[in-house]
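A.B. asks: After the structure tokens below, expect a handful of questions from me.
Numbering (the numbering used here), first residue to last: 20 to 266.
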């Protein structure tokens, strides 16, 4: 009887152990399959994505500001690393215009003072055409006689208000040369004036390109993804979080 009980107990224990081993083996096999799937396929469980966006700039405002003051559009777009060159070009052009204007004024005033001393003219209230004629004719009489001969009555000067009579031809020629030099100096300002226009156009184009580029960079975000970390020996070793920032 005792032998039978021992035999029954041994069979029961063996059966229970076998069933437990089978269940444990099945569970491990399932875990191993899941782990292999994760390791081989890179399975990831997506988590909520947080988007971080900045304030976009208006390209139209960039263009308007650049046309108004070169470099202002770049300041608006936070790109003064480029805008500073347009500001420098603007300053250089204005300095050129101002410098030529001052030099031209000096040449003009000096030549007219010289003419007043050597021809007896009164420079007050006279226009550029008058001084051009003063440089081309020895006296008002020579000038008026030529206009009378051509029938250009409307171009005759009043002797009382527009009188001049050069003391010699050398001084007249010197005056005329300096007068023409002042005119050339004034005309050279067109180069810098054109530079002001071109600088504005290029600045506007540059500003709108950089503004649009900045807007694309502003539309960035961060994705947070999770994935299991494991090995064949330990399928559930941990959880990895990946932060991915897009540009």
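Yeah, the Cβ is synthetic: ideal placement off N, Cα and C, and Gly gets one too. Computed from a prediction, not measured in an experiment: that's the story for all the values here.
#1: Would you mind listing the alpha helix (DSSP H) stretches within the segment 93 to 178 that are 4+ residues and don't spill past its ends, in chain order?
#2: Could you give the first and the last residue of the continuous alpha helix (DSSP H) run that contains residue 82?
#3: If you drop the 5 nearest sequence neighbours on each side, which residues of the same chain put their C-beta closer than 7 angstroms to that of residue 149?
#4: What does the alpha-carbon distance come out to for the pair residue 109 and residue 81?
#5: For residue 85, which residues in the same chain have their Cβ closer than 7 angstroms to its Cβ, ignoring the five residues on either side in sequence?
#6: Cα-Cα, which of 152, 128, 156 and 199 is closest to residue 143?
#7: Just grab the DSSP bridge partners of residue 184 for me.
#8: Would you mind working out which of 230, 201, 186 and 212 sits nearest residue 123, comparing C-alpha positions?
#9: For a test of the three-state rule: what should DSSP assign to residue 74, helix, strand or coil?
#10: Is the segment 190 to 199 touching the segment 211 to 218, taking contact as three or more C-beta pairs under 8 angstroms?
#11: Sort 87, 100, 197 and 119 by Cα distance to residue 151 and report the nearest one.
#12: In whole angstroms, what is the alpha-carbon distance linking residue 185 and residue 205?
#13: Is DSSP giving residue 233 helix, strand or coil here?
#14: Might you give, ordered along the chain, the residues of its own chain that have their beta carbon closer than 7 angstroms to the beta carbon of residue 174, omitting 5 neighbours on each side?
#15: Answer with buried or exposed for residue 134, where buried requires no fewer than 16 other C-beta atoms within 10 angstroms of its C-beta.
#16: Quick check: what's the CA-CA separation for residue 158 versus residue 210?
#17: Does residue 183 pass the burial test, meaning 16 or more other C-beta atoms within 10 Å, or should it be called exposed?
#18: What would DSSP say about residue 272, mapped onto helix, strand or coil?
#19: With distances taken from CA atoms, which of 140, 194, 96 and 103 is nearest residue 176?
#20: From residue 233 to residue 83, what does the alpha carbon distance come to, in whole angstroms?
#21: Using the Cα positions of residue 136 and residue 195, report the straight-line distance between them to the nearest angstrom.
#22: Between residue 107 and residue 98, what straight-line distance do the alpha-carbon atoms span, to the nearest angstrom?
#23: Since residue 76 contacts residue 95 with CB under 8 angstroms, what's their CB separation in whole angstroms?
C.D. replies: Answer, in terms of the structure:
#1: The segment 93 to 178 contains these whole alpha helix (DSSP H) runs: 99 to 138, 147 to 155 and 159 to 169.
#2: 78 to 87 is the span of the alpha helix (DSSP H), which, as asked, contains residue 82.
#3: Cβ within range, chain order: 181.
#4: Near 17 angstroms, if we compare the C-alpha coordinates of residue 81 and residue 109.
#5: The answer, listed in chain order, is 91, 92, 219, 222, 223 and 226.
#6: Measuring from the Cα of residue 143, the nearest candidate turns out to be 128.
#7: In the DSSP output, where bridge partners are listed per residue, residue 184 has 158.
#8: Cα-wise, what sits closest to residue 123 is 201.
#9: Three-state DSSP puts residue 74 in coil, outside helix and strand.
#10: With a cut-off of 8 angstroms on Cβ pairs, the segment 190 to 199 is not in contact with the segment 211 to 218, counting fewer than three such pairs.
#11: If we check each option's Cα against that of residue 151, 197 comes out closest.
#12: When rounded, the distance between both Cα atoms is 26 angstroms.
#13: In the three-state scheme derived from DSSP, where H, G and I count as helix and E and B as strand, residue 233 is classed as helix.
#14: Residues of the same chain with a CB within less than 7 angstroms of the CB of residue 174, apart from the 5 flanking positions on each side, are 166 in chain order.
#15: By the neighbour-count rule (16 or more Cβ atoms within 10 Å), residue 134 is buried.
#16: Their Cα atoms are separated by approximately 36 angstroms.
#17: So residue 183 ends up on the buried side.
#18: Because residue 272 is not part of the residues shown, which for the chain are 20 to 266, the question remains open.
#19: Looking from the CA of residue 176, the closest CA among 140, 194, 96 and 103 belongs to 140.
#20: Residue 233 and residue 83 have their alpha carbons spaced roughly 17 angstroms apart.
#21: Cα to Cα, the separation comes out at about 14 angstroms.
#22: Their backbone Cα atoms lie some 15 angstroms apart in a straight line.
#23: At roughly 6 angstroms, the Cβ-Cβ gap stays under 8 angstroms, so residue 76 and residue 95 are in contact.
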